[in-house]
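Chains as they are written, first to last, in full-length UniProt numbering: chain A, 1 to 145; chain B, 1 to 145; chain C, 1 to 145; chain D, 1 to 145; chain E, 1 to 145; chain F, 1 to 145; chain G, 1 to 145; chain H, 1 to 145; chain I, 1 to 145; chain J, 1 to 145.
Note that CB positions come from ideal geometry on N, CA and C, so glycine has one too.
Data block below; observations after.
Number of protein chains: 10
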Amino acid sequence: MLPEITQKLLAAKQEKGMSFVDLEKAVGRDEVWIAAVFYRQASASQAEAEKILSAIGLPTTLAPELTECPLKGLGPVVPTDPLIYRFYEIMQVYGMPLKSVIHEKFGDGIMSAIDFTLDVEKEEDPKGDRVKVIMSGKFLPYKKW
Amino acid sequence: MLPEITQKLLAAKQEKGMSFVDLEKAVGRDEVWIAAVFYRQASASQAEAEKILSAIGLPTTLAPELTECPLKGLGPVVPTDPLIYRFYEIMQVYGMPLKSVIHEKFGDGIMSAIDFTLDVEKEEDPKGDRVKVIMSGKFLPYKKW
Amino acid sequence: MLPEITQKLLAAKQEKGMSFVDLEKAVGRDEVWIAAVFYRQASASQAEAEKILSAIGLPTTLAPELTECPLKGLGPVVPTDPLIYRFYEIMQVYGMPLKSVIHEKFGDGIMSAIDFTLDVEKEEDPKGDRVKVIMSGKFLPYKKW
Amino acid sequence: MLPEITQKLLAAKQEKGMSFVDLEKAVGRDEVWIAAVFYRQASASQAEAEKILSAIGLPTTLAPELTECPLKGLGPVVPTDPLIYRFYEIMQVYGMPLKSVIHEKFGDGIMSAIDFTLDVEKEEDPKGDRVKVIMSGKFLPYKKW
Amino acid sequence: MLPEITQKLLAAKQEKGMSFVDLEKAVGRDEVWIAAVFYRQASASQAEAEKILSAIGLPTTLAPELTECPLKGLGPVVPTDPLIYRFYEIMQVYGMPLKSVIHEKFGDGIMSAIDFTLDVEKEEDPKGDRVKVIMSGKFLPYKKW
Amino acid sequence: MLPEITQKLLAAKQEKGMSFVDLEKAVGRDEVWIAAVFYRQASASQAEAEKILSAIGLPTTLAPELTECPLKGLGPVVPTDPLIYRFYEIMQVYGMPLKSVIHEKFGDGIMSAIDFTLDVEKEEDPKGDRVKVIMSGKFLPYKKW
Amino acid sequence: MLPEITQKLLAAKQEKGMSFVDLEKAVGRDEVWIAAVFYRQASASQAEAEKILSAIGLPTTLAPELTECPLKGLGPVVPTDPLIYRFYEIMQVYGMPLKSVIHEKFGDGIMSAIDFTLDVEKEEDPKGDRVKVIMSGKFLPYKKW
Amino acid sequence: MLPEITQKLLAAKQEKGMSFVDLEKAVGRDEVWIAAVFYRQASASQAEAEKILSAIGLPTTLAPELTECPLKGLGPVVPTDPLIYRFYEIMQVYGMPLKSVIHEKFGDGIMSAIDFTLDVEKEEDPKGDRVKVIMSGKFLPYKKW
Amino acid sequence: MLPEITQKLLAAKQEKGMSFVDLEKAVGRDEVWIAAVFYRQASASQAEAEKILSAIGLPTTLAPELTECPLKGLGPVVPTDPLIYRFYEIMQVYGMPLKSVIHEKFGDGIMSAIDFTLDVEKEEDPKGDRVKVIMSGKFLPYKKW
Amino acid sequence: MLPEITQKLLAAKQEKGMSFVDLEKAVGRDEVWIAAVFYRQASASQAEAEKILSAIGLPTTLAPELTECPLKGLGPVVPTDPLIYRFYEIMQVYGMPLKSVIHEKFGDGIMSAIDFTLDVEKEEDPKGDRVKVIMSGKFLPYKKW
């Protein structure tokens, strides 16, 4: 199911015992973005590709496989994996409220999913640690013409 | 399409010229959560329901319609509204990377969509304001038995 | 199926015998965008809404119904109307080639559907007139972080 | 996922360091149409096939694979790739307005997707370059009988 | 489910005891095309609309409802009515063979569904009458550019 | 995607430079039906299978693969190939009119898709050749019991 | 959800305290077929319609609503009612074995669902009564041409 | 598509020139049930598996592949094979009538698809042979608690 | 969305301030089963219907609406309500393991969903109360014939 | 269809003649949870993985394949296997009643499918053994913010 290059990258990373946080330090890019390159949802520059490959001990001749623009998306309309589904459910439940609040704050338009960053942080909490996901996307107002 | 009570609430709010931020101050709850009550995706306590209704000039006898547990969810499998779709697309593109990073940081489990908060902030930016969406959900490790 | 306000607008326009091109002159916005306001896919400013309503002889008190941010999209996953389907088919057939050519010209990113205009022109042709559809959207490169 | 011949063509083109624009010059056909032949959505003549193959250094014995009539279409009902999805979204949002305007200009009928051309241009713009997509299809009026 | 105007037309026709063949004579158009106007899948000229309405005893003031360009299509992806389903099944079974034979006879292109006529005839046969359906559509070769 | 035997048959036919019309002469069956055997949508008798195989230069030991009853149907719910889709669209648009006319002519029942023949003819026309598709199916009245 | 005429028929039948078996005696047709007329899946003759209506005490002026050819089918792709689903499941499980056995007994063709009868019987059994469903459909061999 | 063991069984049976009726005699089970074992929709006992394998000349060491509990079901939501589809259509058309009649005869409950038998018989008929399908399932009343 | 009778029952119950547990005492049936009658997924006897109606202060003339056999099922293929979805997810995740364990313990067959009871209990727990759901269904072995 | 590691595990377990109950004793975890590890729906600790592998005679070097966090879920939207489908049907029929009862007992929230256990027991019963399925999930109240 995963592209061959993704499997190669994941295996090499596991072999090296490196986490995505380690790669963040080695490459100078966020761990989520690097994971997106692994899963072929983002495209790296030649330099970034080489840094990633070197860090996990793969030949840099594989770089072109990380620099080309991928065909993106998971595919299945409704994801069955519970972790991924929760984000889908959040939109099912909070989608309309979110739309109302964003329109009230910004007018008619959308949050870009392209000029966009996504961070994951661990919030330690005695009642149970929390996953903090921070999304930041440029607001794009609908153009009139 | 929207439930009758939602339409009543939205019309009264518009009549009063109140924003969800104004309601945040009046009710003491976050604007997104209040909007979720409006769209019948969240249930208020009797006191919260009365505060919301008073703030927008509706009779508090409507409170039971805001306190009962709603049947949640938007319904359509793939949302066609561009603003809502972008969040769906984010999961199509960054779902697997996010899963990998969360598992690496927390082990096998999920981010709760129930013990969960969602905030929207406006980040002013000379190159174009940004929408910041902050999700915080308790990490729930898979139980073994 | 069409929202009530859309039906009212279309009926008044027909009564007045006005075309969307006539409205283009009266409002100072493109006919396609005005039609998008009619079908509640775009939101007008107060001034634009009043111009549209006056032009077709409806009271300007309806303006708020044209200024609020609509829930957008046609809904059906595969449109059955032959005219609309052809555009869907064009993407089925030319989607991948288009993606390749755009990536080659611009790098990894997308054409915005928000900072976007759409024009329709009639090209007279002795072998049969042609429909010319011109789309212009800002290129948005994928952000790295 | 891509047909074997498509993979061969793309690899040879990359090897040669040729863009679709370069092929446009070598073959005398538009870059988008040539890309459509690559992705097996269009069929070339024997002469065109040979020019394409020679230009990217593949044996002309492969020509029959480019001249036969392909089974067309992407397949997935709703594309998940963000670039391709935007065109789908454009029809979700502007489909009905477009239909109204075309009917007003031409009467009952459709824009052909067969007697049809598609061009992509880069519009340089200091506020960010724009993707211009120009579609031109013969208007086909519904026949009565 | 059927549009209101369709119901009115069918009721008036039944009242008058007229068949579509009778209307064919009165209007000078084929019975199938007239039925398509009834079901709002085809648009009549003002003169045709008036002839149809007069023939079944409805006021000609309803003509605009027959002249406007309809939103076409049945909607359900797979029809459940057995008569309609059989045509769908014919394409499931004979679609690829038909495609091969048409390409062999005409080259790459399609049979138009717009510049198209459809006739139904009753073939009397001692072993059981047969339904003969004759489709005639202009061949449209794929344009190259 | 195509069954292995179909690929073998198509390759051998291409090698021999034979069209389905040539096979029609060699086998004494219609070209569409022969194509249906190729695509494994119809089953041949032993004699027919041997004639087909001999005509295209394949060993007659393959006959059993053409005589067994196939699992029929294309599979995808909505075909994306434009040529095949047009027939699907014809039913979307003309399905209900066709149903009305057939019921008026024959009573409640269906046109058989089993006791059924399908022919394709080329109608030469100075304004562009036309594809003529003739379907003939036994009318089957609904049994009452 | 049920057509208005179906609701009227069911209510009148309940009022009269009649079962479908009682109607079988009054009308001279099988109870399942009569139920199919009730649910507008089968069309009655004028005489049959009048017998049904008289038996349950409804005016015979409603007869045309039972004689016209209905648009057939339940609609939902996968039925959720457990009783109806079981028949669907039977085909999921025994569909291929049934196909093999029928082809072995009859050759390539199908069991008609039109020249078809369906009976339900109650088999008394000390271990629990059994539902016996007997289907009888004409075998239709695939025509060759 | 068919499981490997199914292909092996079908090939061996064809080699031996045995029909399912012949196997019925050799194994002492109904031909439909034996076909269900072939298609891995039913599980045999060790003794039954050995009888089946011996009868068609396969080694009895394959028995475990016929005794394990299979993952059942055809898969596709709406079957495209015409023979199998007819049974699906029968439920689309006669599902509600059948439900009414069964409830009238038995009360609220279902016909079991597990404590269930299915027989196919050939009814010779001068007007064309008929396929008789007899289903017998235990009636299961809904439990109250 | 909910049937009218369900809305009436729920409103009367709320008016009376009764819980389903209170009804369990009044009717002598489990609260879940009574709720199933409310939502028209189960059918009551005349006596049970009258007890339910009396308990919540509705006229017993409504009893027939609770005794007839309902058309069962929620409808949407994948439920979007988070509480209901979790049970769907449990089957996505634990469906195959459950199937293996049940087959190992019982042989080939299923757990009946008809001869079936469902109970909900509250397990108090200092780390957070737990929902205990107990299902008990008769094991039905697959019949051989 | 099953992952390679699942096939290996199932084959080794069959070879050893061990049941999941035997593994429960060897590993000290419930048989359902162990089956979930087999089907790669749950992740084991290094120690648990080694115990499982040793118990069925596989090398412990396979442990990493059992400790990594799997992509969970069965995939098909509506399961066709009768045993698994019954649980889906239970939610179709008893989903809304269950939701009502849980909300009444616990307030607005859900039963966790993560902090969750699932047990299967065999209840011997002279009228036929019963399958008892016990689910226990932590109640998670919706957070307000």
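Straight through space, the alpha carbons of Y85(H) and A63(F) are spaced by roughly 27 angstroms.
Distance from the CA atom of L140(B) to the CA atom of F116(J), rounded to whole angstroms, is 10 angstroms. Chain H places no beta carbon closer than 8 angstroms to that of Y94(E), leaving this residue out of the contacts. Classified as exposed, A11(J) has fewer than 16 neighbouring CB atoms from the shown chains inside 10 Å of its CB. Approximately 5 angstroms separates the beta-carbon atoms of K51(H) and V27(H); this is inside 8 angstroms, confirming the contact. In the structure shown, the three-state DSSP call for S54(A) is helix. According to DSSP, residue pairing for T117(G) in a beta bridge involves S136(G). Annotation for L58(F): K8, L9 and A12 place their beta carbon closer than 8 angstroms to its own, counting only its chain and skipping 5 residues before and after.
The Cβ atoms of V32(J) and L66(J) lie no closer than 8 angstroms to each other. The way I'd put it, the segment 105-112 of chain A does touch the segment 116-134 of chain B; three or more beta-carbon pairs between them come closer than 8 angstroms.
Only those residues of the segment 46-74 of chain J whose C-beta falls short of 8 angstroms from the nearest C-beta of chain A are listed: P64, L71, K72, G73 and L74. In this structure, DSSP gives G95(A) a helical state, which the three-state scheme calls helix. Proximity of chain C to I114(E) at the Cβ level (cut-off 8 angstroms) is accounted for by P82, in chain order. The beta carbon of K132(F) sits closer than 8 angstroms to some beta carbon of chain E. Per DSSP, the continuous alpha helix (DSSP H) segment holding E4(H) begins and ends at E4 to K16. In this structure, the straight-line span from the alpha carbon of F20(F) to that of Y94(G) is close to 37 angstroms. When only Cα atoms are considered, K144(I) and Q41(I) end up about 31 angstroms apart. Excluding its 5 nearest sequence neighbours in each direction, T60(J) has C-beta neighbours in its own chain below 7 angstroms: E50, L53 and S54, listed in chain order.
Within chain G, no C-beta atom comes less than 9 angstroms from the C-beta of E31(J); the nearest is roughly 27 angstroms away.
Put simply, of A35(F), Q46(F), Q92(F) and E48(F) the residue whose alpha carbon is nearest the alpha carbon of V120(F) is A35(F). For L23(D), the uninterrupted alpha helix (DSSP H) run begins and ends at F20 to V27, by DSSP.
Under the DSSP assignment, P64(A) falls in the alpha helix (DSSP H) whose first and last residues are A63 to T67.
DSSP places S43(A) in the coil class of the three-state scheme, outside both helix and strand.
The shortest C-alpha to C-alpha distance from H103(F) to any of G75(G), K16(G), P70(G) and Q46(G) is the one to P70(G). Within the same chain, and ignoring the five residues on either side of A44(E) in sequence, the residues whose Cβ sits closer than 7 angstroms to its Cβ are V37, I52, L66 and T67. Between G73(B) and D81(I), the CB-CB gap stays under 8 angstroms.
Excluding the 5 residues flanking it on each side, G107(H) has same chain C-beta neighbours closer than 8 angstroms at P141, in chain order. The straight-line gap separating the alpha-carbon atoms of I56(H) and L98(G) is approximately 20 angstroms. By the Cβ neighbour-count rule, M91(D) is buried, with 16 or more other Cβ atoms within 10 Å of its own. Relative to L2(G), the option among V101(H), M96(H), P3(H) and L118(H) whose CA is nearest is M96(H). Under DSSP, G109(E) shares a beta bridge with P141(E). Contact annotation, K138(F) with D129(F): C-beta distance approximately 31 angstroms; criterion of less than 8 angstroms not satisfied. Excluding residues up to 5 positions away in sequence, V78 and P79 lie with their Cβ nearer than 8 angstroms to the Cβ of Y88(F) in the same chain.
When E24(H), Y39(H) and K25(H) are compared, the shortest CA-CA separation from S100(G) is found for Y39(H). At least 8 angstroms separates the CB of E15(B) from every CB of chain A. Of the residues assessed, D125(E) falls on the exposed side of the cut-off, its CB having fewer than 16 other CB atoms within 10 angstroms.
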